[in-house]
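A.B. asks: Residue numbers (this note's numbering): 2 to 230. Would you mind keeping the following structure in view while I ask a few things?
Following this line, the structure appears as structure tokens:
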């Protein structure tokens, strides 16, 4: 999917469990899984597949997409997901997210999907009216384990991440920040590694299309990260 447009969806493999196993065998410590159908409808569509992924890999699984109720989040955690990413519900019902995070200190992240500075909701279809930095600061105090920030206009484009905006979020938030959207080369990962504010760096980066299209592989990315540490 490019720039959040469901009409621009590309299918790279019809067996997500097998793909996850390949990533795990290549050394990925975390695997990010999104239920795109749930993101659009608000109803879990692939919980069984996600459960199978969790059972098939030793990597930790982070999953989101359409997680708009406490029940949906708890179902994912019960399925074996290590961290649930909540987007729309975090904006519309922050009290629920704070309560979930209190009961699952390491298991809840907030996904802030931004089009420019405005955070989008409902599968990236609607604008929320909220500013990205404002929400990043707010959720830094809600007890969630991480923020996952996606720049919608760069997602799936391979054009590189929005470094300036990520640096702004890093400067204004106080919890681990994971970048998503636009990574197309190992150079992009190097640039993300170089971001720093107040002694803090990014906690991670989500990469999809670049790996599926063999711009680089999981092992190369991990080697780059190892050398930087």
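Yeah, the Cβ is synthetic: ideal placement off N, Cα and C, and Gly gets one too.
#1: Extract the residue ranges of the alpha helix (DSSP H) inside the stretch 64 to 152, only unbroken runs of 4 or more that lie entirely within it.
#2: Between residue 137 and chain C, is the shortest Cβ-Cβ distance under 8 Å, so that the two count as touching?
#3: Along the beta strand (DSSP E) that carries residue 180, what are the first and last residues, could you check?
#4: Between which two residues does the alpha helix (DSSP H) carrying residue 12 extend?
#5: Provide the residue span of the alpha helix (DSSP H) that contains residue 219, from first to last.
#6: Just how far apart, CA to CA, sit residue 148 and residue 164?
#7: Which residues mark the beginning and the end of the alpha helix (DSSP H) in which residue 45 is found?
#8: How close, in whole Å, do the beta carbons of residue 194 and residue 222 come, if the pair is a contact with beta carbons under 8 Å?
#9: Buried or exposed: where does residue 151 fall if 16 or more other Cβ atoms within 10 Å of its Cβ makes it buried?
#10: Residue 80 to residue 47, Cα distance in whole Å?
#11: Quick one: Cα of residue 220 to Cα of residue 199, how far?
#12: From residue 142 to residue 34, what does the alpha carbon distance come to, in whole angstroms?
#13: For the stretch 118 to 132 and the stretch 171 to 181, state whether three or more C-beta atom pairs, one from each stretch, are separated by less than 8 Å.
#14: Let me know if residue 155 comes out buried or exposed under the rule of 16 or more other beta-carbons within 10 Å of its beta-carbon.
#15: Residue 55 and residue 82 look like a contact to me (Cβ under 8 Å); what is the Cβ gap, rounded to whole Å?
#16: Less than 8 Å between the C-beta atoms of residue 71 and residue 101, yes or no?
#17: So, is residue 189 buried or exposed, given that buried needs 16 or more other C-beta atoms within 10 angstroms?
#18: Would you decide whether residue 69 is buried or exposed? Buried here means 16 or more other CB atoms lie within 10 Å of its CB.
#19: In the DSSP assignment, find the unbroken alpha helix (DSSP H) run with residue 170 in it and report its ends.
#20: Based on Cα-Cα distance, which residue from 177, 74, 206 lies nearest to residue 191?
#21: Considering Cα atoms alone, identify which of 204, 126, 161, 197 is closest to residue 210.
#22: Since residue 111 and residue 87 are thought to touch, with beta carbons under 8 Å apart, how far apart are those beta carbons, to the nearest angstrom?
#23: Helix, strand or coil: how does DSSP classify residue 57 here?
#24: Among all the DSSP beta bridges, which residues are the ones paired with residue 206?
C.D. replies: Taking the coordinates as given:
#1: Scanning the stretch 64 to 152 from its first residue to its last, the whole alpha helix (DSSP H) runs of 4-plus residues come out as 71 to 80, 89 to 93, 95 to 104, 133 to 140.
#2: Going by chain labels, chain C is absent from the structure shown, which holds only one protein chain.
#3: Taking the chain shown and counting its residues from 1, the one referred to as residue 180 is at position 179. That run of the beta strand (DSSP E) goes 178 to 181.
#4: By 1-based counting over the chain shown, the position of residue 12 is 11. Neither: residue 12 is in no alpha helix (DSSP H) and is coded neither H nor E.
#5: Position 218 of the chain shown, counted from the start, is the residue given in the question as residue 219. Secondary structure note for residue 219: its alpha helix (DSSP H) is the uninterrupted segment 219 to 229.
#6: Counting from one through the chain shown, the residue named residue 148 turns up at place 147. Counting from one through the chain shown, the residue named residue 164 turns up at place 163. The straight-line gap from Cα to Cα measures roughly 16 Å.
#7: Sequence index remark: in the chain shown, residue 45 carries index 44 (1-based). Neither: residue 45 is in no alpha helix (DSSP H) and is coded neither H nor E.
#8: As a working mapping, residue 194 is identified with position 193 in the chain shown. As a working mapping, residue 222 is identified with position 221 in the chain shown. About 11 Å separates the two Cβ atoms, so there is no contact after all.
#9: Taking the first residue of the chain shown as position 1, residue 151 is located at position 150. By the neighbour-count rule (16 or more Cβ atoms within 10 Å), residue 151 is buried.
#10: As a working mapping, residue 80 is identified with position 79 in the chain shown. As a working mapping, residue 47 is identified with position 46 in the chain shown. A direct Cα-Cα distance of roughly 11 Å separates residue 80 from residue 47.
#11: Reading the chain shown from its first residue, position 219 is the one you call residue 220. Reading the chain shown from its first residue, position 198 is the one you call residue 199. Distance from the CA atom of residue 220 to the CA atom of residue 199, rounded to whole angstroms, is 30 Å.
#12: Within the chain shown, numbered from 1, the residue matching residue 142 stands at position 141. Within the chain shown, numbered from 1, the residue matching residue 34 stands at position 33. When rounded, the distance between both Cα atoms is 26 Å.
#13: No contact exists between the stretch 118 to 132 and the stretch 171 to 181.
#14: If you number the chain shown from 1, residue 155 lands on position 154. With a 10 Å radius around the Cβ and a threshold of 16 neighbouring Cβ atoms, residue 155 comes out buried.
#15: Counting from one through the chain shown, the residue named residue 55 turns up at place 54. Counting from one through the chain shown, the residue named residue 82 turns up at place 81. Between the beta-carbon of residue 55 and that of residue 82 there is about 6 Å, and that keeps the pair under the 8 Å contact cut.
#16: Taking the chain shown and counting its residues from 1, the one referred to as residue 71 is at position 70. Taking the chain shown and counting its residues from 1, the one referred to as residue 101 is at position 100. Yes, these two residues count as a Cβ contact at 8 Å.
#17: As a first step, residue 189 is located in the chain shown; it is residue number 188 there, counting from the start. Around the beta carbon of residue 189, a 10 Å sphere encloses 16 or more other beta carbons of the protein chains shown; the residue is thus reported as buried.
#18: Start at 1 with the first residue of the chain shown, and residue 69 comes out as number 68. Buried, because 16 or more other Cβ atoms sit within 10 Å of the Cβ of residue 69.
#19: In the chain shown, counting from the first residue as 1, residue 170 sits at position 169. For residue 170, the uninterrupted alpha helix (DSSP H) segment begins and ends at 164 to 173.
#20: Counting from one through the chain shown, the residue named residue 191 turns up at place 190. Closest by alpha carbon: 206.
#21: Looking up residue 210 in the chain shown gives position 209. Checking every option, the nearest Cα to that of residue 210 belongs to 161.
#22: In the chain shown, the residue the question calls residue 111 occupies position 110. In the chain shown, the residue the question calls residue 87 occupies position 86. Sure, about 6 Å apart at Cβ, within 8 Å.
#23: As a working note, residue 57 is residue 56 in the chain shown. Helix, per DSSP.
#24: Indexing the chain shown from 1 puts residue 206 at position 205. DSSP, once it has assigned bridges, lists 180 as partnering residue 206.
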